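Notes follow the structure.
2 protein chains.
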Amino acid sequence: MGRVTTLKDVARLAGVHPGTASKALNPRTRKDVSARTVEAVLNAARELGYLPDPIARSLRTKRSNVIGVILPDITNPVFPPAVRGIEDALREAGYTALVGNTDNDPGREEELFRAMQGRRVDGFIIGTARRDHPLLRKAAEDGIQLVQLNRVTDDQAIPAALVDDAGGMRLAVDHCVALGHRRLAHLAGPLDMSTGEHRRQAFLAACERHGDAIEEAVVVNSDAYSVDAGARATEHLLQTAAGCTAILGGNDLIALGAYRVLAERGMAIPKDISVLGFNDMPFVDMFQPPLTTVHVPQYHLGVEAARLLLERLDNPDAPAKRLVLPSRLVVRGSTGPATGRGGRRRSVSPVPRAPKDAHSSV
Amino acid sequence: MGRVTTLKDVARLAGVHPGTASKALNPRTRKDVSARTVEAVLNAARELGYLPDPIARSLRTKRSNVIGVILPDITNPVFPPAVRGIEDALREAGYTALVGNTDNDPGREEELFRAMQGRRVDGFIIGTARRDHPLLRKAAEDGIQLVQLNRVTDDQAIPAALVDDAGGMRLAVDHCVALGHRRLAHLAGPLDMSTGEHRRQAFLAACERHGDAIEEAVVVNSDAYSVDAGARATEHLLQTAAGCTAILGGNDLIALGAYRVLAERGMAIPKDISVLGFNDMPFVDMFQPPLTTVHVPQYHLGVEAARLLLERLDNPDAPAKRLVLPSRLVVRGSTGPATGRGGRRRSVSPVPRAPKDAHSSV
DNA sequence: TTGTATGCGTTATCAA
DNA sequence: TTGATAACGCATACAA
Chain A
13 MGRVTTLKDV
23 ARLAGVHPGT
33 ASKALNPRTR
43 KDVSARTVEA
53 VLNAARELGY
63 LPDPIARSLR
73 TKRSNVIGVI
83 LPDITNPVFP
93 PAVRGIEDAL
103 REAGYTALVG
113 NTDNDPGREE
123 ELFRAMQGRR
133 VDGFIIGTAR
143 RDHPLLRKAA
153 EDGIQLVQLN
163 RVTDDQAIPA
173 ALVDDAGGMR
183 LAVDHCVALG
193 HRRLAHLAGP
203 LDMSTGEHRR
213 QAFLAACERH
223 GDAIEEAVVV
233 NSDAYSVDAG
243 ARATEHLLQT
253 AAGCTAILGG
263 NDLIALGAYR
273 VLAERGMAIP
283 KDISVLGFND
293 MPFVDMFQPP
303 LTTVHVPQYH
313 LGVEAARLLL
323 ERLDNPDAPA
333 KRLVLPSRLV
343 VRGSTGPATG
353 RGGRRRSVSP
363 VPRAPKDAHS
373 SV
Chain B
13 MGRVTTLKDV
23 ARLAGVHPGT
33 ASKALNPRTR
43 KDVSARTVEA
53 VLNAARELGY
63 LPDPIARSLR
73 TKRSNVIGVI
83 LPDITNPVFP
93 PAVRGIEDAL
103 REAGYTALVG
113 NTDNDPGREE
123 ELFRAMQGRR
133 VDGFIIGTAR
143 RDHPLLRKAA
153 EDGIQLVQLN
163 RVTDDQAIPA
173 ALVDDAGGMR
183 LAVDHCVALG
193 HRRLAHLAGP
203 LDMSTGEHRR
213 QAFLAACERH
223 GDAIEEAVVV
233 NSDAYSVDAG
243 ARATEHLLQT
253 AAGCTAILGG
263 NDLIALGAYR
273 VLAERGMAIP
283 KDISVLGFND
293 MPFVDMFQPP
303 LTTVHVPQYH
313 LGVEAARLLL
323 ERLDNPDAPA
333 KRLVLPSRLV
343 VRGSTGPATG
353 RGGRRRSVSP
363 VPRAPKDAHS
373 SV
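Quick note, the sequences are listed as chains A and B, same order.
When we follow the working numbering, the leftmost residue of the first sequence carries the number 13, and every step to the right adds one.
When we follow the working numbering, the leftmost residue of the second sequence carries the number 13, and every step to the right adds one.
Here you go:
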């Protein structure tokens, strides 16, 4: 562990005072120093392979060039690409990402948040926003720099990089209708998250837009974005509204839960029933069958979230922008024409405005 | 951003000197301080919600309670579980993981390594080891604390948490033989990595063990652990040794490359040909068909790597242990009896000791 | 047992 | 323009 060269060493070699060397090294203060000494200091620094100590600098400046990234769980395949996007964009700007997982535990989230603040992170990218999120609200009020990723709070106070959830869901519904499906089910994600609620609303709105072309539009809630929760929701759906010919998962994992239950029941996808996801996670094209899903550009979402944050660090008074990236439908093998079972049945009930409750059939 | 309470505040409230407060707070030096003052200081700290500033502490102690984790690419599905294992184990001990991706670029790796050293990380968990790895060798010589994850250098100087690659490959070969396959192909991972070389050697050794039961054992190199590289290797295999009835991928991604090429050629898995992977990545059970593969307990590998490192930080002179976890075969739908094509052909060539070169057919 | 002083490496303020 | 000095918050060697 050879000795590390410090600012003092550089100053000595350049024959100047450490304070002067500091100014010469820092691009922002370089103008207060003669061209001759700047060069001498720069040469000395290069010769000694000087690297400023980020710890000492942080202690002095209260900044760290580190961004805290708070996610539910890196093990969820949608997040790694987003993390790479964040890291790549931050690195260009000389920042580093420090990633933490909350496992959807608010206590753990607060602990992480505090720990990262203690480490003097300059801002946060938050992938865990709930529609009502006191911790985030308070942090924003306290002037902590935040950008939300993919999910947002209901109030518009915090900037965010998002995808067009409603547009994506509309494409999915349109695709089903074009294939002749008239009885659709949506396995909604958690409604305390913007993605869950927005996609659900968009599902209902899109169905309504099709008027008589749709005979039934069912929403069943999935209490988590997970395969198990998706499986439970699917079982519930099969018991309560067995006539649906297409299942639109709140995300890909929920759709995978549907895959599992349908396989157990011996129902073939897409012959007996079509299934759609949301997110286009890596490798869903390899599934059995390849999953038709709404593509969410996670990597770019990460890049944009990082950029929004950097912009904000540069100019803290900039407005809290919300950047919305387009989504698109990727049609694969899990959707097909509505044949067999309820495909051509006559309408049982018209489509009312909105569901009475989470499990209502509309 | 309300003012943060500092050690000085605690000392003032407790009516002691900051230095004394520091001793009282630090469990290791607490014995040098009277029970009465310890209590006063602890109470004051609790009352003020005091949290020590890790930056200041790091500057002073040259330690950070941060561990650098260096991976090829978090986007590779095998890594997120390992990262979670690392994080969970570190957190219990009051440490934090700082993760970086090299994209297999040695320059980038060195840059990351330096940057993390600058941040005073207390040690590294390395998921990027190559069999010959000067950077690691030098770091170890310099007394930097390292633990390797899943892959190792050829020399035994650096501790590691590993899986029994050879045992796993043997299980895979035995499985194929039990199904009646007599012409096997291995799509070896990069041979400059221990996993690539060890699995390849184990493949050949296992085939040899079966003697006349195996008519042909082919090795084709894949130049990366990726789907594309696996696809290229598969194409090469199909041109040069078309009679094989089972393909053993160097890892799951390589096996997926085989899936792709075989699908393009209209060959059915496992009817026409069996395919096996290595790693048991998340969701390979959902593939088309579900992948038979050697399970590698990535999460536990992460936990054990973290523990090895913590142990070493505690006792830097402890020997450089290598911990080897067992692997096991997970049989799914991509392997089946050897029927059709070359399945029952007679031996063309006996099995020699070892391959002449990377693409040799033995 | 407690207090004092010093320094970790940097930056920022002020004086020369 | 440059140099001197202090301070960021903490830990530790030493003095009291």
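For each residue, glycine too, the CB sits at the ideal point set by N, CA and C.
Quantities reported herein were computed from a predicted structural model and do not represent experimental measurements.
Excluding five sequence positions before and after residue 188 of chain A, the CB atoms of its chain that fall closer than 6 Å to its own CB belong to 196 and 258, given in chain order.
Taking C-beta atoms as the reference points, residue 178 of chain A and residue 210 of chain A count as a pair closer than 8 Å. Residue 86 of chain A carries a coil assignment under DSSP once its states are collapsed to helix, strand and coil. Every unbroken stretch of the beta strand (DSSP E) spanning 3 or more residues and falling wholly within the segment 70 to 115 of chain A is given here in chain order: 78 to 83 and 108 to 113. Counted as a single uninterrupted DSSP element, the alpha helix (DSSP H) harbouring residue 57 of chain A occupies residues 47 to 60. Neighbours of residue 300 of chain A in chain B, taken as residues whose beta carbon is under 8 Å from its own, are 298, 299, 300, 301 and 302 in chain order. Residue 150 of chain A counts as exposed, since fewer than 16 other C-beta atoms from the protein chains shown sit within 10 angstroms of its C-beta.
For the segment 66 to 88 of chain A, the set of positions with a beta-carbon nearer than 7 Å to some beta-carbon of chain B reads 66, 67, 68, 70, 71, 86 and 87 in chain order. Interface criterion not met: the Cβ of residue 107 of chain A is under 8 Å from no Cβ in chain B. Within chain A, the C-beta atoms nearer than 8 Å to that of residue 113 of chain B come from 96 and 99, in chain order.
In this structure, the straight-line span from the alpha carbon of residue 85 of chain A to that of residue 113 of chain A is close to 5 Å.
At least one CB atom of chain A sits nearer than 8 Å to the CB of residue 92 of chain B. Exclusion of the five residues before and after residue 249 of chain A leaves 197 and 232 as the residues of its chain whose Cβ lies within less than 6 Å of its Cβ. One finds 16, 63, 64, 65, 66 and 67 in chain B with Cβ atoms closer than 9 Å to the Cβ of residue 130 of chain A, taken in chain order. Restricting attention to B:215, B:143 and B:242, the CA atom closest to the CA of residue 204 of chain B is found in B:143.
Against chain A, the CB of residue 237 of chain B has no partner CB under 8 Å away; the residue lies outside that interface.
Rounded to whole angstroms, the Cβ separation of residue 294 of chain A and residue 347 of chain A is 20 Å, and the two are not in contact under 8 Å. Scanning its chain for C-beta atoms nearer than 6 Å, with the 5 sequence neighbours on each side dropped, one finds around residue 94 of chain A the residues 310, 313 and 314, in chain order.
In this structure, residue 36 of chain A sits near residue 53 of chain A, with a CB-CB distance shorter than 8 Å.
At a cut-off of 3 residues, the continuous stretches assigned as beta strand (DSSP E) that sit fully inside the segment 251 to 305 of chain B are 258 to 261 and 286 to 291. It is roughly 26 Å from the alpha-carbon of residue 234 of chain A to the alpha-carbon of residue 349 of chain A.
Residues of the segment 123 to 153 of chain A that bring their beta carbon within less than 8 Å of a beta carbon in chain B comprise 126, 127, 130, 131 and 132, in sequence order.
Put simply, the CB of residue 268 of chain B is near chain A, with a gap under 8 Å to one of its CB atoms. The alpha-carbon separation between residue 173 of chain A and residue 323 of chain A amounts to approximately 13 Å. Segment contact: the segment 47 to 64 of chain B against the segment 22 to 38 of chain B, three or more CB-CB distances shorter than 8 Å; contact assigned. Under the 10 Å beta carbon count, residue 327 of chain A is surrounded by fewer than 16 other beta carbons and is classified as exposed.
With a 10 Å radius around the Cβ and a threshold of 16 neighbouring Cβ atoms, residue 46 of chain B comes out exposed. In the DSSP assignment, residue 138 of chain B is bridged to B:82 and B:160.
Assignment of residue 187 of chain B by DSSP, reduced to helix, strand and coil, places it in the helix class.
Per DSSP, residue 344 of chain A has no beta-bridge partner at all. Your pair residue 141 of chain A and residue 165 of chain A checks out as a contact, with CB atoms roughly 5 Å apart and the cut at 8 Å. The beta carbon of residue 295 of chain A sits closer than 8 Å to some beta carbon of chain B. Contact annotation for residue 274 of chain A against chain B: no contact, minimum CB-CB distance about 12 Å [criterion: below 7 Å]. Per DSSP, residue 327 of chain B has no beta bridge partner at all. The three-state secondary structure of residue 63 of chain B, taken from DSSP, is coil.
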